[in-house]
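Inspection log for the structure reproduced underneath, given as C-alpha coordinates.
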Amino acid sequence: MGATKTDLFTKQQNDIANMAKALAHPARIAILQHLVKINACIGGDLVDELGLAQATISQHLKELKAVGLIQGTVEGTSICYCINPKTWKQYRDLFDKFFDSSMMEGNCC
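Quick note: the sequence shown, position 90, residue 90 per full-length UniProt numbering, numbers continuous.
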(Lines of atoms letter the chains of each structure in order from A and count residues from 1; the text may use other names and numbers.)
(Lines give C-alpha, C1' and ligand atoms only; values in the text may rest on other atoms or scores of the structure.)
Protein backbone atom coordinates (compact mmCIF):
# COMPACT_ATOMS: atom_id res chain seq x y z
CA MET A 1 0.00 0.00 0.00
CA GLY A 2 1.32 3.43 -0.92
CA ALA A 3 1.87 6.37 1.38
CA THR A 4 -1.07 8.65 2.03
CA LYS A 5 -0.70 11.98 0.29
CA THR A 6 -2.01 14.11 3.13
CA ASP A 7 -0.88 17.31 1.42
CA LEU A 8 -3.68 16.82 -1.13
CA PHE A 9 -6.29 17.38 1.59
CA THR A 10 -7.27 20.27 3.80
CA LYS A 11 -6.13 20.56 7.39
CA GLN A 12 -9.67 19.88 8.54
CA GLN A 13 -9.88 16.71 6.42
CA ASN A 14 -6.56 15.49 7.82
CA ASP A 15 -7.62 16.36 11.39
CA ILE A 16 -10.91 14.45 11.07
CA ALA A 17 -9.11 11.45 9.56
CA ASN A 18 -6.51 11.42 12.34
CA MET A 19 -9.21 11.68 15.00
CA ALA A 20 -11.22 8.90 13.39
CA LYS A 21 -8.10 6.73 13.27
CA ALA A 22 -7.55 7.25 17.01
CA LEU A 23 -11.13 6.09 17.65
CA ALA A 24 -11.05 3.26 15.12
CA HIS A 25 -10.82 0.34 17.54
CA PRO A 26 -13.68 -0.97 19.68
CA ALA A 27 -11.38 -1.38 22.68
CA ARG A 28 -10.52 2.33 22.56
CA ILE A 29 -14.20 3.22 22.35
CA ALA A 30 -14.88 0.97 25.36
CA ILE A 31 -12.02 2.56 27.30
CA LEU A 32 -13.30 6.06 26.55
CA GLN A 33 -16.87 5.12 27.46
CA HIS A 34 -15.67 3.66 30.76
CA LEU A 35 -13.59 6.73 31.57
CA VAL A 36 -16.51 9.04 30.76
CA LYS A 37 -18.81 6.94 32.93
CA ILE A 38 -16.61 6.93 36.04
CA ASN A 39 -14.60 10.13 35.34
CA ALA A 40 -11.27 8.49 36.33
CA CYS A 41 -9.78 5.05 36.37
CA ILE A 42 -6.72 3.15 37.51
CA GLY A 43 -5.24 1.30 34.53
CA GLY A 44 -5.61 -2.13 36.16
CA ASP A 45 -9.35 -1.59 36.59
CA LEU A 46 -9.70 -1.56 32.82
CA VAL A 47 -8.40 -5.13 32.62
CA ASP A 48 -11.27 -6.29 34.84
CA GLU A 49 -13.79 -4.07 33.09
CA LEU A 50 -12.93 -5.00 29.49
CA GLY A 51 -11.51 -8.49 29.88
CA LEU A 52 -8.44 -7.71 27.77
CA ALA A 53 -4.82 -8.41 28.67
CA GLN A 54 -2.90 -5.70 30.54
CA ALA A 55 -0.47 -5.33 27.62
CA THR A 56 -3.37 -4.79 25.20
CA ILE A 57 -4.99 -2.21 27.47
CA SER A 58 -1.64 -0.45 27.87
CA GLN A 59 -1.18 -0.22 24.11
CA HIS A 60 -4.64 1.28 23.62
CA LEU A 61 -4.08 3.73 26.49
CA LYS A 62 -0.79 4.73 24.88
CA GLU A 63 -2.57 5.45 21.57
CA LEU A 64 -5.31 7.47 23.27
CA LYS A 65 -2.78 9.42 25.30
CA ALA A 66 -0.63 10.10 22.20
CA VAL A 67 -3.53 11.93 20.53
CA GLY A 68 -4.36 13.75 23.76
CA LEU A 69 -7.79 12.21 24.34
CA ILE A 70 -6.80 11.00 27.79
CA GLN A 71 -4.37 12.17 30.42
CA GLY A 72 -2.83 10.28 33.28
CA THR A 73 -1.29 10.97 36.66
CA VAL A 74 0.98 8.64 38.60
CA GLU A 75 -0.43 7.44 41.92
CA GLY A 76 2.10 5.18 43.58
CA THR A 77 2.67 2.25 41.24
CA SER A 78 -0.52 2.94 39.25
CA ILE A 79 -1.55 5.54 36.73
CA CYS A 80 -4.95 7.19 37.01
CA TYR A 81 -6.41 8.05 33.60
CA CYS A 82 -9.18 10.46 32.73
CA ILE A 83 -10.61 12.19 29.69
CA ASN A 84 -8.72 15.31 28.61
CA PRO A 85 -11.63 17.80 28.45
CA LYS A 86 -9.90 20.21 26.06
CA THR A 87 -9.14 17.55 23.43
CA TRP A 88 -12.54 15.88 23.98
CA LYS A 89 -14.21 19.22 23.12
CA GLN A 90 -12.00 19.67 20.05
CA TYR A 91 -13.01 16.21 18.78
CA ARG A 92 -16.68 16.88 19.46
CA ASP A 93 -16.61 20.29 17.80
CA LEU A 94 -14.76 19.05 14.70
CA PHE A 95 -17.04 16.02 14.26
CA ASP A 96 -20.15 18.14 14.90
CA LYS A 97 -19.06 20.61 12.23
CA PHE A 98 -18.28 17.77 9.81
CA PHE A 99 -21.64 16.04 10.29
CA ASP A 100 -23.60 19.30 10.23
CA SER A 101 -21.94 20.42 7.01
CA SER A 102 -22.59 17.11 5.30
CA MET A 103 -26.29 16.85 6.18
CA MET A 104 -28.25 16.02 3.09
CA GLU A 105 -31.84 17.00 2.63
CA GLY A 106 -34.18 14.56 0.93
CA ASN A 107 -33.17 11.54 -1.11
CA CYS A 108 -29.81 11.32 -2.80
CA CYS A 109 -30.98 8.88 -5.49
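Virtual Cβ for every residue (Gly too), placed ideally from N, Cα, C.
Original post:
Which of the three DSSP states, helix, strand or coil, is assigned to Thr-10?
Top reply: For this step, residue 10 is matched to residue 10 along the sequence shown. Note: Thr-10 maps to coil in three-state DSSP.
Subject >> Closest residue to residue 111 among Val-47, His-60, Cys-41 (Cα-Cα distance) >> reply: An answer regarding residue 111 cannot be provided, because it is not within the stretch 1 to 109 covered by the chain.
Subject >> Contacts around Gly-68, its chain only, beta-carbon distance under 7 Å, and the 5 residues preceding and following it disregarded >> reply: Position 68 of the sequence shown, counted from the first residue, corresponds to residue 68. Correct list, in chain order: Asn-84, Thr-87.
**OP:** Going by CA-CA distance only, name the one from Ala-20, Lys-5, Asp-7 that's closest to Phe-98.
**Re:** For the purposes of this step, residue 98 is identified with residue 98 of the sequence shown, where counting begins at 1. The shortest Cα separation from Phe-98 among Ala-20, Lys-5, Asp-7 belongs to Ala-20.
Original post:
Using DSSP with H/G/I as helix, E/B as strand and the rest coil, what is Val-74?
Top reply: Here residue 74 refers to the residue found at position 74 when the sequence shown is read from its first residue. Note: Val-74 maps to strand in three-state DSSP.
Original post:
Quick one: what's got a C-beta closer than 8 Å to Leu-35's C-beta in the same chain, skipping five residues either side?
Top reply: In the sequence shown, the residue the question calls residue 35 occupies position 35. Once the five neighbours on either side are set aside, the close Cβ partners of Leu-35 are Cys-41, Ile-70, Tyr-81, Cys-82, Ile-83.
Subject >> Every unbroken alpha helix (DSSP H) inside the region 30-87 [4 residues or more] >> reply: List check, alpha helix (DSSP H) in window: 43-50, 54-66.
Original post:
Taking the C-alpha atoms as reference points, what is the distance between Thr-6 and Phe-95?
Top reply: The residue you call residue 6 lines up with position 6 of the sequence shown. The residue you call residue 95 lines up with position 95 of the sequence shown. Each residue's CA atom was taken as its position, placing Thr-6 and Phe-95 some 19 Å apart.
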